[in-house]
Amino acid sequence: MKRYNPKEIEPKWQQVWSDRQAFVAQDFADKPKTYISCMFPYPSGAGMHTGHIFEHAIVDAIARFSRANGHEVMNPMGWDSFGLPAENYAIKTGTPPQETTKTNIANFRNQLQRIGASIDWTREINTSDPEYYRWTQWVFTKFFERGLAYQKDSLQWWCPIDQTVLANEQVVNGKCWRHDGADDPLAEKKNIRQWFFKITDYADALLEEIPALDWPDKIKAAQTNWIGKSQGAEVTFAVDGSDEHITVFTTRPDTIFGATFIVLAPEHPLARTLAVGDYQDAVEQYVTDAVKKTEIDRLNDTKEKTGVFTGSYAINPANKEKIPIWVADYVLYGYGTGAIMAVPAHDERDKAFADRYELPVIEVIDEYNAVIHSSQFDGQDSSNARETIVSWLEELGVGQSKVTYKMRDWLISRQRYWGAPIPIIHCDEHGAVAVPEDQLPVVLPVVEDFAPKGDGKSVLAHVDDWVNVECPTCGKPSRRETDTMDGYACSSWYLLRYTDPQNTESIWDSKKANYWAPVDFYVGGDHAVAHLLYVRFWTHVFNDMGLVNFKEPVKKLVYHGLISAEDGRKMSKSLGNTVDPLDIIDQGYGADALRTFELFLGPIDENSNWSSRGIAGIYRFLNRVWTLTQEYQDAEKSQTSSSDDVVRRLQHKTIRKVTDDYRRLSFNTAIAAMMEYVNDLYKLKNDGFSEDVWRDAIETLLQLLAPLAPHMSEELWQQLGHDTLVHETVWPVWDDALIVDETITIAVQVNGKLRATVQLPADSSEEDVKKAALGAENVIAHTDGKEILKVIYIPKKLVNIVVK
RNA sequence: GCGCGGGUGGCGGAAUUGGUAGACGCGAGGGACUUAAAAUCCCUUGACCAAAAGUCGUGCGGGUUCGAUUCCCGCCUCGCGCACCA
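Note that numbering that gives the first Met the number 0 numbers the first sequence so that position 732 is 731, with each residue one more than the last.
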């Protein structure tokens with residue numbers, strides 16, 4: 000009898016799959032298609048740990064299941080290879096990111112091959128490949144043409160020592176992360192010209208599609224929140240004794256009679272100009288300090304609201320009252336108009352502020368939600384008053400209804416080397432000019448020294464022969480844009496590139512994109528808003544450009560949990576608690592046990608922990624499948640066996656259960672069902688093997704198992720005499736007639752408590768069942784001498800006898 | 001603070017539509033095989049009880065129902081996301 004040896008069979012089948020090009024996806028195949036993808040990885044130097052393998056085990060199980068169900072499956076792979084770690088490594092070691100990326104990709108590819116992932120490697124893409132980012136840049140130029148890419152000044156963190164822009168998370172205790180000692184200066188805020196994508200133009204379109212997405216509610220809610228649409232009004236307040244006006248945004252125009260002061264964000268242009276007399280110095284100081292705070296700091300200061308009076312007053316257009324104008328950092332410049340009318344009676348934050356600075360509070364909504372102290376509007380329902388007051392303000396010419404979003408435009412400039420260069424040339428005469436399509440890609444030049452020069456620019460700014468070019472429009476000496484694009488730009492369209500990855504003429508052939516996409520299953524466990532919103536945004540634009548005939552890129556989002564280390568902490572190299580998948584495979588467990596085990600840990604959308612003991616249980620199970628198949632092959636087989644009917648029934652029940660579980664992506668219960676099946680077959684084999692029924696039972700098992708443990712399934716499939724791959728045979732179908740049990744077990748309750756179970760023929764009538772239930776020994780004991788009020792009958796399940 | 005999920009044996013988890021709570025696995029205990037061990041196979045394993053019977057038991061407190069892990073109300077608690085968005 001052959002022994003189960005994953006080390007031998009796994010490389011063998013990986014080679015066979017590769018030789019036969021078993022997973023190459025055919026365009027326009029004459030069968031249903033399934034397009035499935037994971038969120039492509041950043042190829043880090045550390046490689047993948049067993050936590051990462053979870054995602055690939057899910058993808059591969061779905062891909063193989065779909066293939067076995069007669070679908071043409073595209074399961075591609077690519078690399079999100081631009082990013083900071085490679086660049087920082089280059090700064091430290093001088094090794095160009097191009098090189099480290101290449102090495103890391105080779106490592107990732109090897110890991111995926113060794114777990115037996117059924118990937119179509121002919122579609123491999125890599126975001127840092129010029130042939131790829133050429134089209135990222137092309138999209139940028141199209142966005143630029145459409146007014147969706149634009150430059151504007153924006154306040155950014157700046158390190159005065161390194162003379163460089165800092166990301167929010169690089170500011171520690173108000174100082175640059177590299178210079179946060181006691182003597183080091185505070186980081187500053189500087190106005191810098193940056194590139195943005197106008198995602199706000201698509202706020203409504205993106206919001207509208209959310210309800211129809213087959214995505215987890217959690218992600219849909221997160222995106223809805225992020226877009227943050229709110230209906231309200233803009234109201235203009237005149238400044239007393241001045242020509243200036245302040246426009247505020249409010250969602251509660253019904254409370255305008257209760258507005259007792261105005262608050263401006265510190266960044267608001269009028270904050271300084273409205274400061275008068277003795278108040279000027281304090282306002283100046285407050286604004287300077289506030290601008291320096293990160294938004295995170297402002298958040299932490301929530302408990303204590305601070306602000307300063309400008310000395311100026313505004314006129315409340317509703318009641319003509321003179322109300323003071325304050326500056327406070329609890330008002331954000333980036334939202335609404337950066338100014339609010341404060342209604343302390345009906346807003347907690349305004350109340351806290353009013354309490355602290357002893358500002359007046361006027362109630363304008365009573366406990367019945369009716370408007371009071373509001374002149375002609377008194378008595379109206381507050382929600383009704385929202386409309387009538389806005390109409391009134393409109394008539395007065397000081398207000399209009401207005402929709403506002405929390406979402407801001409997407410800042411995409413990065414003063415970094417390792418990214419796709421923004422394809423723009425700055426000309427004195429023509430301003431920002433897009434690099435013409437026939438001059439793309441703008442190839443990232445190889446440099447010697449990757450360290451930032453301290454001027455806040457990417458090192459690209461110092462590659463003179465790269466930077467200095469002619470203006471495409473007039474030919475005069477001009478300079479290239481030296482910022483690169485946010486990595487999220489590269490990942491916003493890769494799912495569509497997979498449909499036509501080698502196209503050198505256009506970003507993709509629309510026929511191919513429309514055939515494969517949208518993605519049927521997109522598997523990931525991260526990026527609830529950022530990437531998953533950006534990829535939707537780009538696809539909406541592609542739809543407007545006529546490049547695809549759909550708006551939404553992802554039909555079903557499979558959002559999985561994370562597998563942490565055995566100690567319950569997140570797996571990380573620095574904690575030293577990672578588990579290397581290749582180690583597990585090489586220890587002898589093999590890839591099949593690894594994959595199956597990870598899917599057995601629990602429901603895929605929940606978090607779980609790695610367990611070095613648990614995998615042994617799965618390995619035992621696979622061994623039993625192996626042994627059973629060997630014993631069948633080696634045994635003297637008869638034509639029929641006494642347990643044939645039972646075997647057949649179990650087989651069909653298991654097909655139904657496992658198929659159903661796979662369809663709802665409930666892999667842990669599918670595995671449990673197969674274990675039960677194998678355990679049952681183990682007992683039944685003592686009755687002897689019958690040739691056909693057992694062959695059928697075992698072949699079914701191999702087919703059901705193949706999406707999870709493909710190597711073993713192929714091997715045993717071959718041993719049983721097949722020369723095709725497992726998935727090339729049609730997925731087993733169950734016969735309902737064979738599943739029906741001959742006897743049924745009925746639970747018998749008395750007053751809802753289980754007192755007995757009775758066995759009856761499956762076709763017993765309601766009367767028979769009730770009779771048997773009432774006649775059960777222990778039931779008689781509990782009903783004897785009591786009045787039976789009623790008998791509840793649930794067919795094939797239970798009888799509940801209600802007694803007094 | 002708001003939003004979205006969770007809380008079931010020693011542990012991971014199952015119960016898909018309100019119908020026998022604890023499938024399957026891990027761990028533990030016992031047995032078979034073995035000179036012995038590993039491996040393998042079989043049995044037991046929610047708590048109380050010697051056992052049958054019984055009682056209790058799905059975070060806590062109520063409710064609806066013949067019947068609630070499942071539905072409703074009010075809490076506690078853990079995780080994740082967003083966070084002064086007017």
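Glycine included, C-beta positions come from ideal geometry on N, C-alpha and C.
Please read all numbers here as calculations on a predicted model, not as lab measurements.
Range covered by the alpha helix (DSSP H) that runs through residue i
i: L759; result: Note, L759: premise wrong, no alpha helix (DSSP H); beta strand (DSSP E) at 752-760.
i: Q14; result: 5-18
i: E233; result: Per DSSP, E233 belongs to no alpha helix (DSSP H); it is in the beta strand (DSSP E), 229-238.
i: Q632; result: 613-633
i: W515; result: 509-515
i: I804; result: Nothing can be reported for residue 804, as the shown portion of the chain is limited to 0 through 803.
i: G589; result: 589-599
i: M544; result: 529-544
i: P343; result: That residue, P343, is in no alpha helix (DSSP H); it is neither H nor E in DSSP.
i: Q501; result: Run containing Q501: none; DSSP gives neither H nor E here.
8 Å contact criterion, which residue i and residue j should meet: CB distance rounded
i: A761; j: T744; result: So it is not a contact: roughly 10 Å between Cβ atoms.
i: P517; j: V553; result: 6 Å
i: G523; j: D79; result: With a Cβ gap of about 12 Å, G523 and D79 do not count as contacting.
i: R271; j: V290; result: R271 to V290, Cβ: 11 Å. No contact.
i: W325; j: V247; result: Contact flag wrong, Cβ pair sits at about 13 Å.
i: L443; j: P422; result: About 11 Å; that fails the 8 Å criterion.
Residue interval of the beta strand (DSSP E) (run including residue i)
i: F520; result: 518-523
i: W157; result: 148-158
i: T309; result: 306-314
i: K327; result: Note on identity: in this sequence residue 327 is Ala, with Lys being the wrong assignment. Element bounds for A327: 321-327.
i: G394; result: Position check: residue 394 holds Glu in this sequence, whereas Gly was assumed. Not the beta strand (DSSP E): E394 falls in the alpha helix (DSSP H), residues 381-394.
Burial state of residue i (16 or more Cβ within 10 Å)
i: L664; result: buried
i: M0; result: exposed
i: I114; result: buried
i: V402; result: exposed
i: V798; result: buried
i: N473; result: Note that residue 473 is Cys in the sequence shown, not Asn. Label assigned to C473: exposed.
i: I295; result: Interpretation of I295 is limited by its pLDDT of 47, a score under 50 that renders its predicted location unreliable; no figure is taken from the coordinates.
i: A181; result: exposed
i: Y676; result: buried
i: N74; result: buried
i: E9; result: buried
i: P95; result: buried
i: K91; result: exposed
i: E713; result: buried
i: D604; result: exposed
i: T336; result: buried
For residue i, the nearest candidate out of the options (CA to CA)
i: K6; options: L581, N750, D659, E786; result: L581
i: T305; options: T498, L724, R355; result: R355
i: S607; options: E54, P10, A780, L719; result: E54
i: N87; options: I584, G418, V138; result: G418
i: L593; options: L574, R619, D604; result: R619
i: A62; options: A45, G46, V23, H48; result: V23
i: D659; options: V732, D239, L788; result: V732
i: K475; options: L459, D427, A89; result: D427
i: L680; options: L649, E714, H710; result: L649
i: P435; options: K452, C470, L443; result: C470
i: T199; options: A327, H539, L703; result: H539
i: T782; options: R662, F27, Y34, Q748; result: Q748
i: D26; options: K511, E144, D179, L185; result: K511
i: I191; options: P265, R535, Q414; result: Q414
i: Y497; options: A21, K91, A60, I118; result: I118
i: I617; options: L600, S153, L185; result: L600
i: D740; options: K572, Q758, R348, V725; result: Q758
Legend entry - Stretch-stretch touch, CB-based, cutoff 8 Å, three pairs: the segment 490-503 with the segment 120-139: yes
Legend entry - Three CB pairs or more closer than 8 Å across the segment 397-413 and the segment 268-285: no
Inset, instruction - Determine contact between the segment 33-40 and the segment 615-628, defined as no fewer than three beta-carbon pairs at a distance below 8 Å. - result: no
Inset, instruction - Count the CB pairs spanning the segment 537-552 and the segment 221-239 that are closer than 8 Å, and state whether there are at least three. - result: no
Legend entry - Inter-stretch contact at 8 Å, needing at least 3 Cβ pairs: the segment 356-366 / the segment 186-200: no
Inset, instruction - Could you tell me whether the segment 461-478 touches the segment 100-109, where touching means 3 or more Cβ pairs closer than 8 Å? - result: no
Legend entry - Cβ contact check for the segment 253-270 and the segment 330-344: 3 or more pairs under 8 Å: yes
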